Amino acid sequence: MPTDKLSRRIKVLKQVSIFEETRGETLKIIAEALDYEFLEKDKTIVHKGEIGNAMFIIESGTVKVHDADYIFSVLKEDDVFGEYYLIDSEERSASVTTLEKTELLRINQETFYRLMARDINITRGILKSSVGRLRRMNEVEEELARKNIEIENRKKELLDLNATKDKFFSIIAHDVRSPLGTIISFFEFLNSNVEELDKMEIVDLVKSIYTSTDRLLKLLDNLLQWSRIQTGELQCKPENFDIRSVVLSNIDLLKMNAEKKGINLYSEIDSKTMVNADVNMTNAVLRNLISNGIKFTGQQGSVWVSSKRTNGKIAVSVHDTGIGISKENLKKLFRIDLKHSTPGTEDEKGTGLGLNLCKEFVEKNGGRIKVESKPGEGTVITFTVPLK
Numbered sequence: 006m007p008t009d010k011l012s013r014r015i016k017v018l019k020q021v022s023i024f025e026e027t028r029g030e031t032l033k034i035i036a037e038a039l040d041y042e043f044l045e046k047d048k049t050i051v052h053k054g055e056i057g058n059a060m061f062i063i064e065s066g067t068v069k070v071h072d073a074d075y076i077f078s079v080l081k082e083d084d085v086f087g088e089y090y091l092i093d094s095e096e097r098s099a100s101v102t103t104l105e106k107t108e109l110l111r112i113n114q115e116t117f118y119r120l121m122a123r124d125i126n127i128t129r130g131i132l133k134s135s136v137g138r139l140r141r142m143n144e145v146e147e148e149l150a151r152k153n154i155e156i157e158n159r160k161k162e163l164l165d166l167n168a169t170k171d172k173f174f175s176i177i178a179h180d181v182r183s184p185l186g187t188i189i190s191f192f193e194f195l196n197s198n199v200e201e202l203d204k205m206e207i208v209d210l211v212k213s214i215y216t217s218t219d220r221l222l223k224l225l226d227n228l229l230q231w232s233r234i235q236t237g238e239l240q241c242k243p244e245n246f247d248i249r250s251v252v253l254s255n256i257d258l259l260k261m262n263a264e265k266k267g268i269n270l271y272s273e274i275d276s277k278t279m280v281n282a283d284v285n286m287t288n289a290v291l292r293n294l295i296s297n298g299i300k301f302t303g304q305q306g307s308v309w310v311s312s313k314r315t316n317g318k319i320a321v322s323v324h325d326t327g328i329g330i331s332k333e334n335l336k337k338l339f340r341i342d343l344k345h346s347t348p349g350t351e352d353e354k355g356t357g358l359g360l361n362l363c364k365e366f367v368e369k370n371g372g373r374i375k376v377e378s379k380p381g382e383g384t385v386i387t388f389t390v391p392l393k
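Residue numbers (my numbering): 6 to 393.
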């Protein structure tokens with residue numbers, strides 16, 4: 006065999022996966038054992054379902070790998086197919102047919118086994134190649150597993166985003182529209198009957214308008230902050246501050262709401278309890294939690310804030326002696342995909358968004374939030390804040 010033709014065959018064999026660890030002298034023996042075949046256009050080389058027991062190298066021309074009319078791939082000069090059938094005979098998974106006049110080099114399993122018996126280096130090369138292939142397959146499987154985890158995480162993110170979108174639409178369609186409609190109705194009634202109404206009736210209407218407007222303002226504020234979190238606009242900016250002063254300022258802000266229901270509202274946090282967190286986010290969390298405590302506590306009850314140090318953090322707890330939460334409803338908390346809003350002890354309305362907002366703020370500051378409650382025995386909501 007001419008040297009240039011033999012060199013070309015050896016070069017092609019070096020690219021075959023089962024021979025990638027085989028030495029040059031051994032490849033020369035295999036190259037010399039290859040049989041030459043010439044086929045006209047549209048000739049089927051192998052049929053799907055027949056036992057595969059040979060490897061083919063395309064010396065010139067092109068072939069298609071197909072199942073009936075569906076083409077899996079087109080192979081051309083120096084491409085190889087059927088190499089693994091040399092090691093283990095199996096049914097062909099597809100047919101191979103020439104697309105033009107094609108020259109092939111072929112070696113069957115019987116010839117290959119005779120070569121293996123003569124030269125142990127062929128077996129050694131195949132074993133090394135197989136180990137490498139298994140290693141690569143394991144790496145591919147690990148990569149696929151990692152990609153699957155990423156896909157599942159992305160799927161969860163998309164489901165959460167979809168739930169958030171649905172929540173926004175639900176709030177805008179119902180919770181924003183409802184108080185606006187109420188306010189407009191009050192104004193229409195007031196406008197039509199202002200001359201017939203006495204002073205106390207006007208005062209009552211103004212109070213109702215104020216209540217509806219105040220609720221709408223709080224809702225819009227929560228919606229704005231929630232949307233800024235989801236779009237990444239609201240950044241966490243930690244700083245050192247005394248959390249007791251933030252608690253006291255919120256108690257002072259909500260004192261009037263508590264006094265209307267005869268609720269004892271106070272703090273048990275030690276002075277100079279320094280933490281490191283975003284002060285605005287922490288302020289929003291405390292305002293929401295204390296406001297909720299007042300909302301769900303009846304006349305002459307108590308709402309208070311306490312704290313304790315734990316694992317390098319401050320655990321801040323907002324306690325109330327209110328109506329508590331059932332086990333079923335506890336499971337619904339922090340779920341943006343579920344509509345859950347319970348009226349307060351005096352039918353105060355909520356949006357179902359406040360606790361989700363608190364959770365986002367707490368976690369952005371590296372903390373955790375949990376709820377403990379029993380119906381009729383009150384609720385304790387605890388969140389952690391990093392120490393100074």
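Don't be surprised by glycine CBs; every beta carbon is placed ideally from N, CA and C. Model, not experiment: these values are computed from the prediction.
Sequence-distant residues of its chain with Cβ nearer than 7 Å to residue i (five each side left out)
i: LYS242; result: ASP283
i: ASN269; result: SER307
i: THR218; result: ILE188
i: LEU202; result: none
Sequence-distant residues of the same chain with beta carbon closer than 6 Å to residue i, five excluded per side
i: GLY267; result: GLN304 and GLN305
i: LYS364; result: PHE339 and ILE374
i: ASN293; result: GLY359 and CYS363
i: PHE246; result: VAL284
i: SER322; result: SER311, VAL385 and THR387
i: GLU25; result: SER134
Integer Cβ distance of residue i from residue j, believed to fall under 8 Å
i: ILE156; j: THR27; result: 39 Å between Cβ atoms; not a contact.
i: ARG14; j: LEU39; result: 6 Å
i: ASN58; j: ASN113; result: 6 Å
Residues bridged to residue i (per DSSP)
i: ASN245; result: ASN281
i: GLU377; result: VAL385
i: VAL308; result: LEU270 and ASP325
i: LEU392; result: VAL280
i: PHE301; result: Partner(s): none; PHE301 has no beta bridge.
Boundaries of the beta strand (DSSP E) in which residue i is found, first to last residue
i: SER100; result: 100-103
i: PHE43; result: 40-44
i: LEU80; result: 75-80
i: GLU64; result: 59-65
i: GLN72; result: A quick correction: the sequence has Asp, not Gln, at residue 72. Residues 68-72.
i: ILE50; result: 49-51
Continuous alpha helix (DSSP H) stretch holding residue i: start and end
i: ALA122; result: 114-123
i: ARG97; result: Looking at the DSSP string, ARG97 is not in any alpha helix (DSSP H), and its letter there is neither H nor E.
i: SER12; result: 8-19
i: PHE366; result: 359-369
i: GLU30; result: 29-37
i: ASN334; result: 332-335
CA nearest to the CA of residue i, picked from the options
i: LYS313; options: GLY329, ILE299, ALA289 and MET279; result: MET279
i: ASP72; options: ALA59, HIS52 and SER197; result: HIS52
i: PRO380; options: GLY329, ARG97 and LYS300; result: GLY329
i: ILE299; options: LYS332, LYS336, GLY383 and ASP93; result: GLY383
i: PHE61; options: GLU55, TYR41, LYS81 and PHE86; result: PHE86
i: GLU264; options: GLU273, THR302 and GLU37; result: THR302
i: GLU244; options: LYS10, MET121 and VAL390; result: VAL390
i: ASN370; options: ALA289, ILE256 and TYR118; result: ALA289
Same chain, Cβ closer than 8 Å to residue i, neighbours up to 5 away in sequence not counted
i: ASP79; result: Sequence check: residue 79 is Val here, not Asp. Closer than 8 Å at the Cβ level, and outside the excluded window around VAL79, lie THR67, VAL68, LYS69, VAL70 and LEU104.
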